[in-house]
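Chains as they are written, first to last, in my numbering: chain A, 1 to 537; chain B, 538 to 665.
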């Protein structure tokens, strides 16, 4: 029985070890098994030897047992501390539990991380989608802009080609001067007409100064204009008459400055010069025609001025003839009569002379003169005639008057024109309003020394509307009936004044009527009669 | 018309041109007329109101009150007032006579002898 127990234990142990491979020190269990097995065997042999005397076998078995037990014991000793150190199941469970908590924690964290990741990825996806759509839009815009730029560029190129064509083919001389830091002006561009006019090829102009490219006089003239233009930083207009060519040439020039916005300095001068010789000639013809037309419109005035002295002459002559037929002629009476005839004849002669002057074509050069002369003559010519039509003409002239440059007869023509227009305006007002009986025309000559002379003709007639005021100086514009005037007068007058270097203005009077003003530049008394006139803006 | 053919007749000359007035006044006074002068229509009416004229000789074109208007005023007062019109312009188109005696129109420069003849006719006065 003991043997059975002893044999079953090792079997159990081995089975255990075999079943539980994870048991630590399993070899120890095997060693125990062997030991126990041998011990059992020993017991078995003890019992055996009771009946059978196989002491030798028993002795072997015991020896084996001894070896096994010693070996096992020997091996067990070092194993003991290690076996004690083995964690108990409770410890293991605790450790397990801790591990499980940690695992749970880790799992949770992992879960969170995964969730965050998922959210991030979603956000990234959204952002990517946004960026893509923005990109698409940007690309669209870029395409549109590029297309627009290309169109604009093409248009610009076409426009430039057009303008270049216009400039190069223009009959006007168009050129550009660069204003150098050294204060010199050099040709930067010039069209064909410029080269032709100046008589130099393009490469003789480009890059060269005015003095180098042009002859002395022209260069000097242009230089003084350039100086003015740069000083005033405003366009200047001037005329240059050249009489030494095959035919007279009159260059009407406009020169404009180009200012560099950064430095405020004038960096370029652009000029456009037009030959207006033919136009001037036509204007002369037209002025002459208008003068004759003025004479026509003055006919009633002239007739009046002639008729009155003539009336007195005829009556007196008849009177004297009858007296001389008497038996004893009263010679002192006749003499008195002759004196009257003489005076009145002289008066008529003055009127005839005035007419002659006005009708004469101007061949003389412009000269310096005092405006008082022509203004007085014009007023005196028409004053009496207007007075008998109930229009009072008054004249006020400033004492100190600088001279102006031009033709006196032409200025007289202008004033006559203005007076006649004033009379017509007053007559028109009377037609419109029977109460408007009194008529006044005021002529004023005021001088701003060193600057200009102002001649104002103011009437209290029918007045000017703004639309009329704008068109007043247009040729053939007239507010009069067809029979009363061609409408040339004011535009011719304006032309005469402009040729004298001045300008005209038409200002409606606040109380009704109009104020026509002639402004003429005052000239220093010593200025010679040069052909060139300088007209400021 | 005065019954006394020996009395100097009063002629009122109206013209805004002084020299014409003077020449005519001299001429008519020499021929025995009593002459008053006026420079415009209103002055003429004032003078005539105080010292009526047998004949009023007036220019047509004058300031304030012209010849036509003066004629109208005179004829209103006295429908048969004698008037002679002088003019430096075209003859007036309308009929100046109205209902009264005819109004001669003389063109300037005046034919003085013609004027004299008319005046003598109108006044029945032949001079001193």
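The beta carbon of each residue, even a glycine, is placed where N, CA and C say it ideally should be.
Using the DSSP secondary-structure output, state which residues sit across from residue i in a beta bridge.
i                      : result
residue 35 of chain A  : Partner(s): none; residue 35 of chain A has no beta bridge.
residue 305 of chain A : Answer is none; residue 305 of chain A lacks a bridge partner.
residue 592 of chain B : B:548, B:619
residue 268 of chain A : A:178, A:258
residue 325 of chain A : None; residue 325 of chain A has no bridge partner.
residue 442 of chain A : A:394, A:458
residue 452 of chain A : A:448, A:521
Short of 7 Å in beta carbon distance, which residues of its chain neighbour residue i, apart from the five on each side in sequence? Order them along the chain.
i                      : result
residue 162 of chain A : none
residue 408 of chain A : 369, 373, 374
residue 469 of chain A : 506, 508
Using DSSP with H/G/I as helix, E/B as strand and the rest coil, what is residue i?
i                      : result
residue 188 of chain A : strand
residue 298 of chain A : coil
residue 374 of chain A : helix
residue 515 of chain B : In the structure displayed, chain B extends from 538 to 665; residue 515 of chain B sits before or after that span and is not available.
residue 107 of chain A : helix
residue 288 of chain A : helix
residue 92 of chain A  : helix
residue 474 of chain A : coil
residue 433 of chain A : coil
residue 390 of chain A : coil
residue 460 of chain A : coil
residue 67 of chain A  : helix
residue 117 of chain A : helix
residue 542 of chain A : Any question about residue 542 of chain A goes unanswered here, given that chain A covers just 1 to 537.
residue 504 of chain A : strand
residue 563 of chain B : helix
residue 214 of chain A : coil
residue 400 of chain A : coil
residue 87 of chain A  : coil
residue 606 of chain B : helix
residue 647 of chain B : coil
residue 134 of chain A : helix
residue 276 of chain A : coil
Should residue i be flagged as near chain B, meaning a C-beta pair shorter than 8 Å?
i                      : result
residue 430 of chain A : no
residue 316 of chain A : yes
residue 331 of chain A : no
residue 319 of chain A : yes
residue 312 of chain A : yes
residue 355 of chain A : no
residue 500 of chain A : no
residue 435 of chain A : no
residue 170 of chain A : no
residue 309 of chain A : yes
residue 390 of chain A : yes
residue 536 of chain A : With a pLDDT of 35 at residue 536 of chain A, under the threshold of 50, the modelled position of this residue cannot be trusted, and the question is left open.
residue 483 of chain A : Below a pLDDT of 50, predicted positions are generally treated as unreliable, and residue 483 of chain A, at 41, falls in that range; the measurement from the model is reported next regardless. No, residue 483 of chain A does not count as interfacial toward chain B.
Just to confirm, are residue i and residue j a CB contact at a threshold of 8 Å?
i                      : j                      : result
residue 233 of chain A : residue 255 of chain A : no
residue 502 of chain A : residue 287 of chain A : no
residue 451 of chain A : residue 412 of chain A : no
residue 178 of chain A : residue 186 of chain A : yes
residue 29 of chain A  : residue 44 of chain A  : no
residue 402 of chain A : residue 499 of chain A : no
residue 387 of chain A : residue 600 of chain B : yes
residue 611 of chain B : residue 577 of chain B : no
residue 417 of chain A : residue 493 of chain A : yes
residue 618 of chain B : residue 593 of chain B : yes
residue 304 of chain A : residue 384 of chain A : yes
If we define contact as Cβ-Cβ less than 8 Å, is residue i a contact residue for chain A?
i                      : result
residue 676 of chain B : Chain B is shown from 538 up to 665; residue 676 of chain B falls before or after that span and cannot be answered.
residue 556 of chain B : yes
residue 599 of chain B : yes
residue 591 of chain B : no
residue 621 of chain B : no
residue 641 of chain B : no
residue 561 of chain B : yes
residue 647 of chain B : yes
residue 553 of chain B : yes
Ignore the nearest five residues each way along the sequence and tell me which others in residue i's own chain have a CB closer than 6 Å to its CB.
i                      : result
residue 206 of chain A : 187
residue 473 of chain A : 490, 491, 494
residue 429 of chain A : 436, 461, 462
residue 397 of chain A : 372, 445
Skipping 5 residues on each side, what residues in its chain have a beta carbon closer than 8 Å to that of residue i?
i                      : result
residue 235 of chain A : 229, 254, 255, 256, 257, 537
residue 34 of chain A  : 10, 68, 72
residue 38 of chain A  : 61, 64, 65, 68, 69
Under 7 Å from any heavy atom of the ligand MG, does the C-beta of residue i make it?
i                     : result
residue 64 of chain A : The ligand content of the structure shown is nil, which means the ligand MG is not present either.
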